[in-house]
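Chains as they are written, first to last, in the working numbering: chain A, 1 to 237; chain B, 1001 to 1092. Note sheet for the following structure.
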Amino acid sequence: MADQPWVLQSHIAQNNATSSITFSSLTSQYCTNAAGTTTLLDYSNAPVFRIFFKVQFQTSQNVLGSSNFSFHGNYTAANDFVYDYQSAQNYTSMSPYSWAGTSRDYSYSTSRQEVGYAVGGSQFNNYNWGTSVNDLDGNSVASNSRRRGAWITGWYENYFPNQAAYYPWTYHVGMVTDQQMDNSAAAPTADWGAWGIGSGGCTNGPYIDTITITSAYNFIGDFFVFRGCNGNHQVNE
Amino acid sequence: MSLREPPIMCTIHNCATGETTERELTEEEYAQRDIDVALAEEQAAVMAQEQADAAAGRQKLFDLGLSEAEVNALVGPPPPEGASDVEAPDPA
């Protein structure tokens, strides 16, 4: 197949609970095309950073503070962001020059992009089909088991073609899960969830060869880092 | 010897070498995390208070004799039911 512009730069299957994941040396890796030619994934060759992920927060809190889930590039200063969200407890709205319940209404940080209101904890007792279920082998599976934890999915993206410009983020995260799966004709009770979309950036540096995703709660998950190139530099395997 | 029990870990992946390392937070990182946790709890409390205020406000409208449809038209639908769960301890 023809070479392609997208590179799967990194994949982390984080099975050990951690408080943060940092991708470093993002602009020091090479990709290879079908002819064996290598290309450095620097800003000019690969200006797009795209991270897809799913995570479980190891907490029974279903409502998280905004700073409970955040990310940033190299700098924890001079960041700016706004996001609109529907949390587990609040409806929000946004329209030109007005907003209600978005990140502007609460504690605001310039140290990072915060998205905690747009997600929820994964081990809340009242969702994921009740407090107690048995698996096929008859083993009781607790509501805070990884097997029943609610997954948060999302992506973060940055387009940064050179080192002399502000680097912008766009992102979208969310989760939803059923409260009770009772196998009845009753409507699902998919009340439990949250989502958010946002954008932001950083004027420091500017430089972005390191991206850190962090939480005040430990988490597990899968993280895929893709790079978008300015040409077909990657062999299509 | 861990700085705290249980230790809180962080993960660092070097994309150039493909090497992934896990280590405990440093004293400085623990201090920052403590600040983050306190701030997050404060934010959650603000949100919970807003939820309580909204519920009390809706009830006052009902007490004035407005119907549920009228209240919804006026201030929107009630917020979803949500409450912090305290039965299962946090491992983190």
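Where is the CB? At the ideal position from N, CA and C, for every residue including glycine.
Using a threshold of 8 Å, state whether the C-beta atoms of residue i and residue j are closer than that.
i: residue 114/A; j: residue 87/A; result: no
i: residue 55/A; j: residue 193/A; result: no
i: residue 10/A; j: residue 23/A; result: yes
i: residue 205/A; j: residue 169/A; result: no
i: residue 29/A; j: residue 121/A; result: no
i: residue 18/A; j: residue 223/A; result: no
i: residue 75/A; j: residue 196/A; result: no
Which residue wins for smallest C-alpha separation from residue i, given the options the options?
i: residue 119/A; options: 17/A, 45/A and 58/A; result: 58/A
i: residue 1023/B; options: 1038/B, 1016/B, 1006/B and 1015/B; result: 1006/B
i: residue 49/A; options: 236/A, 237/A, 230/A and 235/A; result: 230/A
i: residue 134/A; options: 170/A, 1/A, 148/A and 173/A; result: 148/A
i: residue 1058/B; options: 1028/B, 1039/B, 1078/B and 1027/B; result: 1078/B
i: residue 159/A; options: 82/A, 140/A, 34/A and 73/A; result: 73/A
i: residue 67/A; options: 84/A, 215/A and 223/A; result: 215/A
i: residue 157/A; options: 226/A, 93/A, 25/A and 195/A; result: 226/A
i: residue 117/A; options: 78/A, 175/A, 132/A and 143/A; result: 175/A
i: residue 151/A; options: 164/A, 124/A, 141/A and 171/A; result: 124/A
i: residue 110/A; options: 38/A, 82/A, 197/A and 101/A; result: 82/A
i: residue 145/A; options: 154/A, 132/A, 153/A and 7/A; result: 132/A
Looking at the strands, I want to know which residues DSSP matches up with residue i.
i: residue 221/A; result: 14/A and 55/A
i: residue 155/A; result: 52/A and 172/A
i: residue 133/A; result: 141/A
i: residue 7/A; result: 227/A
i: residue 215/A; result: 69/A
i: residue 202/A; result: 79/A and 167/A
i: residue 194/A; result: 175/A
Going along chain B, which residues have a C-beta under 7 Å from residue i?
i: residue 216/A; result: 1033, 1036, 1037 and 1040
With a threshold of 8 Å between beta-carbons, can residue i be considered close to chain A, or not?
i: residue 1085/B; result: At residue 1085/B the pLDDT is 41, less than 50, meaning the model places this residue with poor confidence and gives no usable figure here.
i: residue 1068/B; result: no
i: residue 1026/B; result: no
i: residue 1072/B; result: no
i: residue 1055/B; result: no
i: residue 1047/B; result: yes
Kindly say whether residue i, judged by its beta-carbon, lies nearer than 8 Å to any beta-carbon of chain B.
i: residue 102/A; result: no
i: residue 74/A; result: no
i: residue 63/A; result: yes
i: residue 204/A; result: no
i: residue 19/A; result: yes
i: residue 110/A; result: no
i: residue 199/A; result: no
Residue i touches chain B at which residues, Cβ-Cβ below 8 Å?
i: residue 55/A; result: Under the 8 Å cutoff, chain B gives no residues; its nearest Cβ is about 12 Å from residue 55/A.
i: residue 26/A; result: 1015
I want to verify the contact list: residues of chain A whose CB lies under 7 Å from the CB of residue i, in sequence order.
i: residue 1043/B; result: 65, 66, 67, 106 and 107
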